[in-house]
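Right, one structure below, let's go through it.
Number of protein chains: 2
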Amino acid sequence: MSLAPAPTALQLRSLIKGSGELEISLVETTFPPPGDDEVTVRIEASPINPSDLGLLFGAVDPTTLTVAGTPERPVVKGKVPDALMGAMMGRVDQPLPVGNEGAGVVVAAGKSPAAQALLGATVAVMGGGMYAQLRTLRASMCLRLPDGTRPAEGASCFVNPLTALGMVETMRREGHTALVHTAAASNLGQMLSRICENDGIQLVNIVRKKEQEELLRSGGATVVCNSSSPTFAADLAKAIADTGATLAFDAVGGGKLAGQILAAMEVAAVARMTEYSRYGSTVHKQVYIYGGLDRGPTELSRTYGMAWSVGGWLLTPFLQKIGAAAAQKLRQRVVDELKTTFASHYTRVVSLAEALSSDSIAAYRKMGTSEKFLVNPNRSSPT
Amino acid sequence: MSLAPAPTALQLRSLIKGSGELEISLVETTFPPPGDDEVTVRIEASPINPSDLGLLFGAVDPTTLTVAGTPERPVVKGKVPDALMGAMMGRVDQPLPVGNEGAGVVVAAGKSPAAQALLGATVAVMGGGMYAQLRTLRASMCLRLPDGTRPAEGASCFVNPLTALGMVETMRREGHTALVHTAAASNLGQMLSRICENDGIQLVNIVRKKEQEELLRSGGATVVCNSSSPTFAADLAKAIADTGATLAFDAVGGGKLAGQILAAMEVAAVARMTEYSRYGSTVHKQVYIYGGLDRGPTELSRTYGMAWSVGGWLLTPFLQKIGAAAAQKLRQRVVDELKTTFASHYTRVVSLAEALSSDSIAAYRKMGTSEKFLVNPNRSSPT
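Protein chains in written order, with my numbering: chain A, 1 to 383; chain B, 384 to 766.
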């Protein structure tokens, strides 16, 4: 047991009050020494993923966002519309730590052998609260990175790599043989494209812009459809027919895209039928929505027979469903291919305070593929 | 082998031409003698189910429907809008027989013992083409009805009873414990309500009208929500919370109802959570769309976390999935409870020709719960 005083460190917290007021701030927090099976990690790199923004900003009206406080202790404020407060009820008046994943160095360890073995090691960690200078968690939740790996290289070991691998694993387990992916030029999309190339899986990449098309093709993708192109419907139909894809992962969520994909799958399936059925093909067509880049309603025209399904897909329950051994295999692959298949590229590295500047917020809230932020909570802010 | 001349009999056919013209007519058809394993059934009762209307009318514009010909040989004509012809391609220029199910008397049988054993028996049959005076099919496809059962009593042995039983079976197999059903005052809905009452399953019935509410309550239903009521949202939320239903079968399809049900399920699930998650509850919420009373798009607002799914549900693939033995158990239950749980009530019995009158078409196309037609193809039309 350590007799040193418990260290204090900065932690980012997001609070939504009962009044609807959002307040994001940096709080000096006391970190008690780790328990027997725990370690304390000095977080040196934590990405801002689209999946972090929901907890960070809640259902705030983005036009109400302002930044007050000082450059070193900024305070972001905003207002959640009354109509959306219902969905916030579970978190009202709780200052919540944020940041799904990160990497850093183990600076304190409990007395169990597993914890002690990690002392001084560089580890990747997942479990929330990573936008903080320190994070204490169970030793078993740490993924030890190979010697010589910098925290910045291991910061994104979980969310995007495991989601991309989870998509391929879902494809195999549910009996599909090819995949469709929307918002395919994202960091995650590029990983998925590399996995599919390595594994010989046909992938239909859907992007919105010409430059995203080029980005993916330069990375080795062969089938890319641009939803802004006047020939998109025909391109998509051909790509889906050529690949035989009957499963799609959709990061967009709102609008007609999910339905368009199902319709293209059905056209391909009907073309292979030998007898008419007014119920459409019996080929099961699945779209999983795993993101919400478009928050509007999903519109399903149901012109694709009866053998279809649209549903949510989330990493953590998926990993629980496949079991510890299968999940560990996926994690090991991430470590093995961390600097190749699963390499992430960041456009900006910021401190906790810099992450809360108006300028930063405007950039990463766009969730575009051109900006990818990495937070280093232990980087000193400019004064 | 019979040396008698092959009999001719009337058969209803629906034809959509490449030009988009719909033509429904009665055709004098020659029926060759049954093969060794086949029987010929004189169809005496066949219901007009909502699921028959798709094949009967295709994607016709209902405002273009006219009836020509003679009272004994009416010819229904109409026009499919060009924009909808894509979905009709699989059936273009093929005069298709219609009528999913029916019952009648076996009037000819092939020489196999199974076929011979049915000679003279009253049987229920499924497999299309039942809007005809004769129907030849494999003996194994016939469900022999208990002595003393009239064809009219056995006409609806398959579609509605097996769909209702399939819903309950799906609930059990997918780990749910209670059900939600929309358009719940339908013939099928009343059967489902009786099954649930018998089996001790909690069922949330959603109807649109006060009189439907009363109809269901008078049949023993305890939980009925009226979607026209100003308190519908609250009523539904309470009913779903009280029953713990996480599975719904939706006959409506279009609009916001499926999403409203998911939202109510999520509210109930979140109320049982002890810790906030921005991904919502981990309770899986499922809506199966099995009908399309509202042909408009399904609108999903996705305010119910990530553990949800909306998909098509169809009887035949479901029966194939559960296997022959399990399907046979369901069929046997239908026969055992044909005059109680699975009794159907018809408001009109019509001949083939009468089924094609403007008056009849207007009534059964409404797919309301107040009208239920039974076709007796061997009833002579008025002259």
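All C-beta atoms, glycine included, are put in the ideal place defined by N, C-alpha and C.
Since the structure is predicted, the reported quantities are computational estimates derived from the model, not experimental observations.
Hey, out of the options, whose CA is closest to residue i's CA?
{"i": "lysine 238 of chain A", "options": "A:Leu215, A:Thr64, A:Ala263 and A:Ala251", "result": "A:Ala263"}
{"i": "asparagine 761 of chain B", "options": "B:Leu517, B:Pro478 and B:Gly441", "result": "B:Leu517"}
{"i": "cysteine 608 of chain B", "options": "B:Gly627, B:Leu598, B:Glu594 and B:Val587", "result": "B:Val587"}
{"i": "serine 741 of chain B", "options": "B:Ala641, B:Pro454 and B:Val653", "result": "B:Pro454"}
{"i": "phenylalanine 701 of chain B", "options": "B:Glu536, B:Gly549 and B:Val459", "result": "B:Gly549"}
{"i": "alanine 470 of chain B", "options": "A:Ala343, A:Leu352, A:Tyr279 and A:Glu354", "result": "A:Tyr279"}
{"i": "glycine 253 of chain A", "options": "A:Asp147, A:Phe31, A:Ala233 and A:Leu293", "result": "A:Leu293"}
{"i": "valine 159 of chain A", "options": "A:Glu354, A:Met85, A:Ala221 and A:Ala327", "result": "A:Ala327"}
{"i": "asparagine 376 of chain A", "options": "A:Arg272, A:Val350 and A:Val310", "result": "A:Val350"}
Apart from the five residues just before and just after residue i, which ones in its own chain have a Cβ nearer than 8 Å to its Cβ?
{"i": "threonine 163 of chain A", "result": "Leu188, Tyr290 and Leu315"}
{"i": "aspartate 582 of chain B", "result": "Val551"}
{"i": "lysine 462 of chain B", "result": "Gly403, Glu404, Leu405, Val443, Asp444 and Thr447"}
{"i": "valine 606 of chain B", "result": "Gln585, Leu586, Val587, Asn588, Ala622, Asp625 and Thr626"}
{"i": "alanine 343 of chain A", "result": "Glu153"}
For residue i, which residues from the same chain have a beta carbon less than 7 Å from its beta carbon, with the 5 sequence-adjacent residues on both sides left out?
{"i": "glycine 510 of chain B", "result": "Leu520 and Met524"}
{"i": "threonine 412 of chain B", "result": "Thr391, Ala392 and Gln394"}
{"i": "alanine 652 of chain B", "result": "Ser664 and Val666"}
{"i": "histidine 728 of chain B", "result": "Lys755"}
{"i": "leucine 356 of chain A", "result": "Ile24, Val67, Pro74 and Val76"}
{"i": "glycine 679 of chain B", "result": "Gly637 and Gly638"}
Label residue i either buried or exposed according to how many other C-beta atoms from any shown protein chain fall within 10 Å of its C-beta, with 16 as the threshold for buried.
{"i": "aspartate 363 of chain B", "result": "The structure shown does not extend to residue 363 of chain B, since chain B is modelled only from 384 through 766, so no value can be given for it."}
{"i": "methionine 1 of chain A", "result": "With a pLDDT of 44 at methionine 1 of chain A, under the threshold of 50, the modelled position of that residue is not reliable, and the figure given next carries that caveat. By the neighbour-count rule (16 or more Cβ atoms within 10 Å), methionine 1 of chain A is not buried but exposed."}
{"i": "arginine 577 of chain B", "result": "buried"}
{"i": "alanine 568 of chain B", "result": "buried"}
{"i": "aspartate 52 of chain A", "result": "buried"}
{"i": "lysine 668 of chain B", "result": "buried"}
{"i": "glutamine 212 of chain A", "result": "buried"}
{"i": "threonine 629 of chain B", "result": "buried"}
{"i": "aspartate 250 of chain A", "result": "buried"}
{"i": "alanine 234 of chain A", "result": "exposed"}
{"i": "serine 156 of chain A", "result": "buried"}
{"i": "methionine 130 of chain A", "result": "buried"}
{"i": "glycine 339 of chain B", "result": "Summary: the structure shown does not reach residue 339 of chain B, with chain B confined to residues 384 through 766, and so no result is reported for it."}
{"i": "methionine 574 of chain B", "result": "buried"}
{"i": "serine 611 of chain B", "result": "exposed"}
{"i": "serine 360 of chain A", "result": "buried"}
{"i": "threonine 122 of chain A", "result": "buried"}
For a contact defined as C-beta to C-beta under 7 Å, what are the partners of residue i on chain B?
{"i": "valine 270 of chain A", "result": "Gly473"}
{"i": "threonine 282 of chain A", "result": "Pro700"}
In chain B, which residues lie with their C-beta within 8 Å of the C-beta of residue i?
{"i": "glutamine 94 of chain A", "result": "Tyr659"}
Enumerate in chain order the residues of its own chain whose CB-to-CB distance from residue i is below 6 Å, with the five nearest sequence positions on each side excluded.
{"i": "arginine 731 of chain B", "result": "Phe756"}
{"i": "threonine 383 of chain A", "result": "Any reading at threonine 383 of chain A must be qualified, since the residue scores a pLDDT of 42, below 50, and its modelled position is unreliable; the value itself is stated next. Answer for threonine 383 of chain A: no residue qualifies."}
{"i": "valine 410 of chain B", "result": "Gln394 and Arg396"}
{"i": "proline 95 of chain A", "result": "Arg13 and Leu15"}
List, in chain order, every chain A residue whose beta-carbon is nearer than 8 Å to that of residue i.
{"i": "alanine 470 of chain B", "result": "Thr303"}
{"i": "glycine 675 of chain B", "result": "Arg302"}
{"i": "serine 692 of chain B", "result": "Ser309, Val310, Gly311 and Gly312"}
{"i": "leucine 368 of chain B", "result": "Residue 368 of chain B is absent from the model: chain B starts at 384 and stops at 766."}
{"i": "glycine 636 of chain B", "result": "Arg302"}
Pull up the CB-CB distance for residue i and residue j, whole angstroms please, since I reckon it's below 8 Å.
{"i": "valine 39 of chain A", "j": "valine 105 of chain A", "result": "About 10 Å separates the two Cβ atoms, so there is no contact after all."}
{"i": "glycine 305 of chain A", "j": "glutamate 266 of chain A", "result": "6 Å"}
{"i": "isoleucine 24 of chain A", "j": "valine 76 of chain A", "result": "4 Å"}
{"i": "tyrosine 364 of chain A", "j": "isoleucine 48 of chain A", "result": "5 Å"}
{"i": "alanine 515 of chain B", "j": "serine 495 of chain B", "result": "At roughly 23 Å, the Cβ-Cβ gap does not stay under 8 Å, so alanine 515 of chain B and serine 495 of chain B are not in contact."}
{"i": "leucine 640 of chain B", "j": "threonine 298 of chain A", "result": "Actually they do not touch by this definition, with Cβ atoms about 14 Å apart."}
{"i": "serine 309 of chain A", "j": "glycine 694 of chain B", "result": "3 Å"}
Can you name the residues of chain A whose CB is closer than 7 Å to the CB of residue i?
{"i": "threonine 565 of chain B", "result": "Residues of chain A passing the Cβ test: none, with the nearest at roughly 15 Å."}
{"i": "threonine 614 of chain B", "result": "Correct list: empty, because the minimum Cβ distance to chain A is about 17 Å."}
{"i": "proline 433 of chain B", "result": "In chain order: nothing, as chain A lies at least about 12 Å away."}
{"i": "threonine 681 of chain B", "result": "Leu300 and Arg302"}
{"i": "threonine 730 of chain B", "result": "Neighbours of threonine 730 of chain B on chain A: none; closest Cβ ~25 Å, over 7 Å."}
Check the Cβ of residue i against every Cβ in chain A and list those closer than 9 Å, keeping chain order.
{"i": "tyrosine 514 of chain B", "result": "Within chain A, no residue comes near tyrosine 514 of chain B; the closest Cβ sits about 15 Å away, beyond 9 Å."}
{"i": "methionine 656 of chain B", "result": "Gly90"}
{"i": "methionine 689 of chain B", "result": "Ile289, Tyr290, Gly311, Gly312, Trp313, Leu314 and Pro317"}
{"i": "threonine 629 of chain B", "result": "The premise fails here: threonine 629 of chain B is roughly 13 Å from chain A at the closest Cβ pair, so nothing lies under 9 Å."}
{"i": "threonine 553 of chain B", "result": "The contacting residues do not exist; threonine 553 of chain B stays about 13 Å from chain A at best."}
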